[in-house]
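The block underneath contains the structure these notes are about, expressed in C-alpha cells.
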Ligand SMILES: Nc1nc2c(ncn2[C@@H]2O[C@H](COP(=O)(O)OP(=O)(O)OP(=O)(O)O)[C@@H](O)[C@H]2O)c(=O)[nH]1
Ligand SMILES: [Mg+2]
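Residue numbers (this note's numbering): 49 to 350.
Okay, structure coming up:
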C-alpha cells in the first residue's frame, strides 16, 4: 500500500539531501525536483489542482535548508511536517458526536449526500453506532425511495444496531419522508436524525431537484458529503457538484483501508475548505476513525 506515493516523497527528500550536502537549497532546485515527480503524484491520486499547494508547503520547509544542519533523514522529517500541515487544514476541531451533544439542539438533523456507492448507507450505520455509544438516541431515515433494496439495506443495519428506523413507500417523495421522520423523532424524544439519500450522479437533473427539496424541507443542521478514497480525481468534480447543488458542511472519506494510492486525502485537504470529520477504514461499525493529520501521514509515509 502507498508504495508509489511513499517513494515519491522519499525521492524528493533524497534529491534535496543531495543538494544540501553541497550547498543551500534554492527555489530552482526544488522546482526541478518537484517537476520530476509531478506525474507520479498525479498517478497516486494527487489531483493536478492540488499540486501548487503541495509545492508551496514543501517550499516553505525545504528552500533554504543548509548543509550543516540537515541530513537525508532530517529532510524527510521536513517533508513529513509539510504533509502534516496540509492535512491539518481539514482536521476537525470537534468530534462530530461531541459537537452534536454540546449543541443542545434536539433533534439534531444530519443529511448525508454523495454519488452512488461511495458508502453513505454504511457510514450512517457507523455514525449511528457512535451516537449510541455516546448514550444518545439516533434514528436512521431512508429517504432513498428510489433504488430497489436501499431501504432494506438501512433497515438491516438499524435492526443490528438496535436503533429506530424510519422509511416511506418506494416512489414516495423523499422530502416528505424526511419531514415525517422529523415529526416522528420529535414525538419520540430522539436526539439525532440521520437521513440517507439516494446516490446521484452529476448528470441527473431530477435527482438534484429532489436533493434541493429535501434540504429545503428538512433544514438540516449539517449536510455531510460522503466521498470515496478510491474515486481518485473524480472526487474533485463531486465536491464542485454538491457545493453548487446544495452545499455541504463537512466530509466523511470512506474506504481508506482499500486505497492503495494514498493521494486522495492530500488532494481533499488542499481543495476543501471544510473539515473531514471521519475516515472509513473497513466494513464493520467500528471502522470509522477521527481524521487526524498525523495518523494519515503515518499511513502514507509509513
Ligand atoms: N473497505 C471498505 N468498504 C466500505 C467502506 N464504507 C463502505 N464500504 C462498502 O462500500 C459498498 C457501498 O456502500 P454503501 O453504503 O451501500 O454505499 P451507498 O453510498 O449507500 O450506495 P448507494 O445507496 O447505492 O448510493 C459496500 O459494499 C460497503 O460495505 C469502508 O470504509 N471501507
Ligand atoms: Mg445507500
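Beta carbons: idealized from backbone N, C-alpha and C, even for Gly. Being a predicted model, the structure only gives us computed values, none of them experimental.
Continuous beta strand (DSSP E) stretch holding residue 325: start and end | 324–328
Could you give the residue range of the alpha helix (DSSP H) that holds residue 276? Residue 276 -> not in any alpha helix (DSSP H); beta strand (DSSP E) instead, spanning 270–276.
Let me check you understand the geometry: is the CB of residue 286 closer than 8 Å to at least one non-hydrogen atom of ligand 1?
no
> The alpha helix (DSSP H) with residue 135 in it runs from where to where?
Replying inline: 120–136
Check: Starting from residue 244 and walking both ways along the beta strand (DSSP E), at which residues does that stretch end?
Finding: 240–244
message: Between 320, 253, 170 and 311, which has its C-alpha nearest residue 95's C-alpha?
response: 311
Reference residue 313; option with closest CA among 335, 298 and 345: 345
- If you follow the beta strand (DSSP E) that residue 302 is part of, which residue opens it and which one closes it? 298–302
* Going along the chain, which residues of its own chain have a beta-carbon closer than 8 Å to the beta-carbon of residue 247, five neighbours each way excluded? -> 162, 163, 164, 165, 166, 168, 192 and 195
So, for residue 113: in the same chain, excluding its five sequence neighbours on each side, which residues have a beta-carbon less than 8 Å away from its beta-carbon? 64, 68, 72, 73, 123 and 126
Inset, instruction - Kindly identify the DSSP beta-bridge partner or partners of residue 176. - result: Per DSSP, none; premise fails for residue 176.
- prompt: For residue 201, which of 229, 181, 221 and 172 has the nearest alpha-carbon?
  reply: 172
Please name the residue in 99, 52, 83 and 160 whose C-alpha comes closest to that of residue 290. 160
### Task
Could you check how far apart the C-beta atoms of residue 75 and residue 111 are, in whole angstroms? I think they sit under 8 Å.
5 Å
State the DSSP-derived secondary structure class of residue 154, mapped to helix, strand or coil.
coil
Entirely enclosed beta strand (DSSP E) segments - the segment 196–248, minimum 3 residues: 213–215 and 240–244
Point to revise | Neighbouring residues (CB closer than 5 Å to any heavy atom of ligand 2) | key: 168 and 169
- Query: Would you say the segment 290–308 touches the segment 268–278, given that touching needs at least three Cβ pairs under 8 Å?
  - Reply: yes
Take residue 296 and list the residues in its own chain whose beta-carbon comes closer than 8 Å to its own, dropping the five residues that flank it on each side. 161, 271, 272, 273, 290 and 322
Mapping DSSP to helix, strand and coil, what is residue 139?
coil
Exercise. Bridge partners of residue 160, per DSSP?
Worked result: 244 and 272
Classification of residue 326 by the beta-carbon crowding that lies within 10 angstroms, buried from 16 upward | buried
Out of 91, 211 and 170, point me to the one whose CA is closest to residue 303's CA. 170
Practice task
For residue 196, decide whether its Cβ has a neighbour in chain C, counting only Cβ atoms nearer than 9 Å.
Solution key: Of the protein chains in the structure, only one exists, and it is not chain C.
task = With DSSP collapsed to three states, give me the class of residue 90.
result = helix
Are the segment 226–235 and the segment 182–192 in contact at 8 Å, needing three or more beta carbon pairs?
yes
Which residue or residues does DSSP assign as beta-bridge partners of residue 190?
215 and 244
Straight-line CA distance for residue 282 to residue 317? 15 Å
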